[in-house]
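Take 287 as the starting number for the sequence shown in the numbering used here and just add one per residue.
Here is the structure we will look at.
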Amino acid sequence: MELAKWFGTLYDSQEQLMTARIHTMRIHGADQLFRTIAYQLPVLLQQRDRIRLVVIDSLAAGYRGVKQFSDLSELSEVGLRLKRLACQYQVAIVVVNQVMDTVADDLPSTSSRQGGSHLPEHVHEWLDVELHGTSMTYFLQSLAKQPTLGLTWANAVTTRLRMARSPMMDGQMTKRALFVEFSPLAPRSGTLLLIDATGTHAI
């Protein structure tokens with residue numbers, strides 16, 4: 287709603303007209319989520335031919351409480367169906383995953399982050415990423431968190447983006463960054479972000 291109000295002012299358009307083009311659906315549980323993706327979403331895309339973006343926030347929430355995500359073949363089926371819809375209707379589909387904390391002892395200390403020799407393996411994978419505007423060390427603690435849905439979902443998507451935040455420290459503002467973790471169209475890289483009432487901006 288905030289963005290609709292801002293863009294309405296920016297582009298001299300009525301806020302009501304912009305929000306009228308936004309369709310929302312509240313979903314509870316993995317079964318309802320799968321049925322929506324399999325049946326309701328294709329019908330919506332077919333009936334409203336000007337839809338250009340679908341956001342699922344979040345896929346992990348629908349599977350909360352279901353153990354061993356990596357063994358769920360249903361996740362692969364969801365990914366396949368979404369890619370087919372994206373191709374058929376030329377629509378961008380953004381699926382939000384969530385992250386889990388790792389064991390505290392596995393998180394790198396300040397000295398190990400600087401040297402890079404004692405980092406957990408999944409954090410080492412980020413050391414080749416070029417971050418524009420600041421040092422990667424600000425975000426390694428956030429990047430140490432593991433995606434909730436595991437490798438099954440990680441391998442089911444076309445592009446993986448990762449948002450990270452620097453630790454909260456007294457007297458300092460936190461920094462946020464967006465990383466391209468994997469994409470067939472862009473190199474692995476990152477940029478600082480500013481998020482405010484007018485949207486998300488690269489710094």
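Think of the CB as a built atom: it goes at the ideal place given N, C-alpha and C, for glycine as much as any other residue.
None of these values were measured; they are calculated from a predicted model.
For residue i, report the span of its alpha helix (DSSP H) as first-last.
i, result
"Thr444", "From DSSP, Thr444 is part of no alpha helix (DSSP H); its letter is neither H nor E."
"Leu368", "Ser359 to Tyr375"
"Val329", "Leu327 to Gln333"
"Glu301", "Glu301 to Thr305"
"Ala316", "Ala316 to Arg321"
Measure from the alpha carbon of residue i to the alpha carbon of each residue in the options, then state which is nearest.
i, options, result
"His314", "Ile342, Lys291 and Ser362", "Ile342"
"Pro473", "Thr434, Ser421 and Trp412", "Trp412"
"Leu426", "Ala450, Ala378 and Leu464", "Ala450"
"Gln458", "Leu437, Met304, Ile481 and Tyr424", "Tyr424"
"Pro470", "Thr322, Thr434 and Asn441", "Asn441"
"His436", "Phe320, Thr484 and Val385", "According to the sequence provided, residue 436 is Gly. The question's His does not apply to it. The residue with the shortest Cα to Cα distance from Gly436 is Val385."
"Asp387", "Leu361, Asp456 and Pro433", "Pro433"
"Thr310", "Tyr375, Leu361, Ile337 and Ile489", "Ile337"
"Tyr375", "Leu327, Asp414 and Thr420", "Leu327"
"Phe320", "Gly485, Ile481, Ser452 and Ala347", "Ala347"
Less than 8 Å separating the beta-carbons of residue i and residue j?
i, j, result
"Val377", "Val340", "yes"
"Leu447", "Arg462", "no"
"Leu371", "Ile379", "yes"
"Leu429", "Val409", "yes"
Would you say the beta carbon of residue i comes nearer than 7 Å to a heavy atom of the ligand HEM?
i, result
"Ile342", "Absence of the ligand HEM from the depicted structure is noted, as is the absence of any ligand whatsoever, leaving it without description."
By the 10 Å Cβ neighbour count, where 16 or more other Cβ atoms means buried, how is residue i classified, buried or exposed?
i, result
"Leu417", "buried"
"Arg399", "Note that Arg399 scores a pLDDT of 45, beneath 50, so its modelled location is shaky; the value from the coordinates is reported in the next line. So Arg399 counts as buried."
"Ile323", "buried"
"Met422", "buried"
"Ala306", "exposed"
"Val329", "exposed"
"Val381", "buried"
"Ser452", "buried"
"Asp357", "Caution applies to Asp357, whose pLDDT of 49 falls short of 50 and renders its modelled position unreliable; the value that the coordinates give is listed next. Per the 10 Å Cβ criterion, exposed."
Within the continuous beta strand (DSSP E) that includes residue i, where are the two ends?
i, result
"Asp542", "Past the edges of the chain, shown from 287 to 489, lies residue 542, and the structure says nothing about it."
"Ser475", "Ser475 to Asp482"
"Leu417", "Glu416 to His418"
Beta-carbon within less than 6 Å of residue i's beta-carbon, same chain only, minus the 5 sequence neighbours each way: which residues are those?
i, result
"Asp317", "none"
"Lys368", "The amino acid at residue 368 is misidentified as Lys; the sequence shows Leu. Counting only Cβ-Cβ distances below 6 Å, and skipping sequence neighbours, we find Ile379."
"Tyr349", "Ala316"
"Glu467", "Arg446 and Arg448"
Keeping to the same chain, check which residues put their C-beta closer than 7 Å to that of residue i; ignore five residues upstream and five downstream.
i, result
"Leu464", "Leu447, Met449, Gly476, Thr477 and Leu479"
"Leu361", "Phe355, Leu435, Thr438, Trp439 and Ala442"
"Val415", "Met422, Phe465, Arg474, Ser475 and Gly476"
Excluding the 5 residues preceding and the 5 following residue i in the sequence, name in chain order all residues of the same chain whose CB lies nearer than 8 Å to its CB.
i, result
"Met454", "Thr460"
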